[in-house]
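Student:
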Amino acid sequence: MERTVIIGAGGVGNVVAHKCAQDAATFGEIWLASRTLAKADAIAADILAATGVTVKTAALDADNVAEVVAFLKEVKPKVLLNIALPYQDLTLMDACLEAGVHYLDTANYEPLDDPHFEYKYQWAYQDRFRDAGLTAILGSGFDPGVTNAYCAYALKHWFSEIKTVDILDANAGDHGLPFATNFNPEINIREITAPGRYWENGEWKIVPALSISQDYDFPEVGTKRIYLLHHEELESLAQNLPGLERIRFWMTFSENYIKHLTVLENVGMTSIEPVEYEGQQIIPLQFLKTLLPDPTSLGPLTKGKTCIGCLITGTLKDAGEETGKIATKFIYNVCDHQACYQEVKSQAISYTAGVPAMIGARQLMSGAWLRPGVWNVEQLDPDSFMDDLNAWGLPWHVLDVSQSLLP
Ligand SMILES: NC(=O)c1ccc[n+]([C@@H]2O[C@H](COP(=O)([O-])OP(=O)(O)OC[C@H]3O[C@@H](n4cnc5c(N)ncnc54)[C@H](OP(=O)(O)O)[C@@H]3O)[C@@H](O)[C@H]2O)c1
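In the numbering used here, the protein residues as written are 13 to 419.
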């Protein structure tokens, strides 16, 4: 029987565990291991009630390579799904190499003391994974993940060359709370308060955080204000889409969200520099995280939909031949917060991140994506992954769009 290990029993880990259990024929014996055993146990109890599948649980420190290796050697899984935090990516990759297990994650490595994600740390494992005959899939969430697969699919089936990509991420959900983040607050706030960055004509352009915005009329969720952010898939897509002229990433935020974030930033609460408080060193952002609602608690509260997609302009091809015609297409998914909650007790943000992790792991279990080395999603054949999106809860749609975003 196959065995699968999921590490991290947070908001996204809950979805991944539920979805793997829904496909127990593929994933076999499923283990959910995390720092706090009680959280893994609570998820396993929910899954047993919902699906009748028993998920085994374990307490595990993913920062401790020796402990993870010992665990993997005992359980002997085919694949490890890293759904802990980006800080654990390298220790878990090291452990997979030592124990001979394929690896998949949803977010790229970021040093704890430097809010600056780059793929260089994980791409440096390419030779070691290849030589060990093991596959590592990086960034198999929604963005990165599905967005990368959308680009690969567009290049395979529609365009001979892609000129521009704008990744658009709209959360039109409302949880009714004054301020909360939809996934891990520390990771989320580090991402949003970092300078904006996009890639144009072969170089990176850097702009102050949230300084570029415009309105976009999204399918189903309507017109929303979108803000330019740096996002990790820009780095790999800029490298892996031949002929690309520009790639940017945009996310919606409400005025209320921006107002709270600005105040928190102005008073120093989003800083990661330690400060002395009553004889103790504390990191303001980590303290803030303890005050903010746990994202897993937002599930029952959040109403509305997400719409995430790629607005892609390129030269159309017909039967593999270039036509010379330029066109723009928007390929996207719409996900309903309440429907997600009813299915797996989670809001749509964790759902849209967790389902593609399960689907990426399906490609490893089936062998479709087994290719020794370290890969971003757009480097792998998108077709079976795209079929699985339709089959496992994240159906995609395509619109022909007459106008692209403002330059
Ligand atoms: N690609 C995408 O679309 C996308 C979207 C959203 C999120 N993500 C990524 O998904 C991952 C999970 O996010 P989330 O919102 O689920 O975060 P979360 O709710 O904070 O969950 C993280 C889980 O990992 C566990 N963990 C942390 N450090 C650990 C360690 N050293 N050893 C073992 N377990 C450890 C935590 O344990 P405790 O319970 O003890 O704290 C928690 O259960 C993050 O990397 C995030 O960046 C990706």
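Beta carbons are placed, not taken as given, at the ideal position from N, Cα and C, and that holds for glycine. Everything numeric in this text was worked out from a predicted model, so none of it was measured.
Distance, Cα to Cα, residue 329 vs residue 256?
Tutor: One C-alpha to the other measures close to 16 Å.
Student: For residue 99 and residue 119, I'd like the C-alpha separation in whole angstroms.
Tutor: Near 9 Å, if we compare the C-alpha coordinates of residue 119 and residue 99.
Student: State buried or exposed for residue 101, treating a residue as buried only when at least 16 other CB atoms are found within 10 Å of its CB.
Tutor: Flag for residue 101 reads buried.
Student: Is any heavy atom of ligand 1 found at a distance shorter than 7 Å from the C-beta of residue 109?
Tutor: The answer is no for residue 109.
Student: What is the rounded straight-line gap between the Cα of residue 3 and the Cα of residue 395?
Tutor: Within the shown structure, residues of the chain are numbered from 13 to 419, placing residue 3 beyond reach of any answer.
Student: Give a yes or no on whether the C-beta atoms belonging to residue 408 and residue 343 are separated by under 8 Å.
Tutor: For residue 408 and residue 343, yes; Cβs fall inside 8 Å.
Student: Between the region 44-62 and the region 25-35, do at least 3 Cβ pairs fall closer than 8 Å?
Tutor: With a cut-off of 8 Å, the region 25-35 and the region 44-62 count as touching, because enough Cβ pairs lie within range.
Student: Could you pull the start and end residues of the alpha helix (DSSP H) that residue 140 belongs to?
Tutor: Where residue 140 is concerned, the enclosing alpha helix (DSSP H) stretches over 138-144.
Student: Please indicate yes or no: does the CB of residue 354 lie closer than 7 Å to some heavy atom of ligand 1?
Tutor: Checking every heavy atom of ligand 1 against the Cβ of residue 354, none is found closer than 7 Å.
Student: Assess, as a yes-or-no matter, whether the region 230-238 is touched by the region 145-164 under the definition of 3 or more beta carbon pairs within less than 8 Å.
Tutor: With the cut-off at 8 Å, the region 145-164 and the region 230-238 do not touch.
Student: Select from 411, 129, 53 the residue whose C-alpha is nearest the C-alpha of residue 244.
Tutor: Comparing Cα-Cα distances from residue 244 to each of 411, 129, 53, the minimum goes to 129.
Student: At a cut-off of 7 Å, is residue 58 close to ligand 1 when judged by its beta-carbon and the heavy atoms of the ligand?
Tutor: No, the beta carbon of residue 58 sits no closer than 7 Å to any heavy atom of ligand 1.
Student: Just to confirm, does residue 123 get its C-beta within under 7 Å of one of the non-hydrogen atoms of ligand 1?
Tutor: Flag unset: Cβ of residue 123 not near ligand 1.
Student: Shorter than 7 Å, the distance from the beta carbon of residue 48 to the closest heavy atom of ligand 1, or not?
Tutor: Checking every heavy atom of ligand 1 against the Cβ of residue 48, one is found closer than 7 Å.
Student: Taking buried to mean at least 16 other C-beta atoms within 10 Å of its own C-beta, is residue 349 buried or exposed?
Tutor: Buried is the call here.
Student: Nearest to residue 299 by alpha carbon, out of 20, 316, 276, 308?
Tutor: Nearest C-alpha to residue 299: 276.
Student: Checking 8 Å against the spacing of the C-beta atoms, do residue 318 and residue 182 come in under that value?
Tutor: Yes.
Student: Is it true that the CB of residue 323 sits closer than 8 Å to the CB of residue 109?
Tutor: No, the pair does not count as a contact, with Cβ atoms beyond the cut-off.
Student: Please report the Cβ distance between residue 15 and residue 89, rounded to the nearest whole angstrom; I am assuming they are in contact, meaning their Cβ atoms lie under 8 Å.
Tutor: Rounded, the Cβ-Cβ distance is 4 Å, consistent with contact.
Student: Using the C-alpha atoms, what's the distance from residue 53 back to residue 105?
Tutor: Roughly 25 Å between the two C-alpha positions.
Student: Are the region 381-391 and the region 192-208 touching, with three or more C-beta to C-beta distances below 8 Å?
Tutor: No, they do not touch.
Student: To the nearest angstrom, report how far apart residue 360 and residue 347 are at their CA atoms.
Tutor: If I take the Cα positions, the gap works out to 6 Å.
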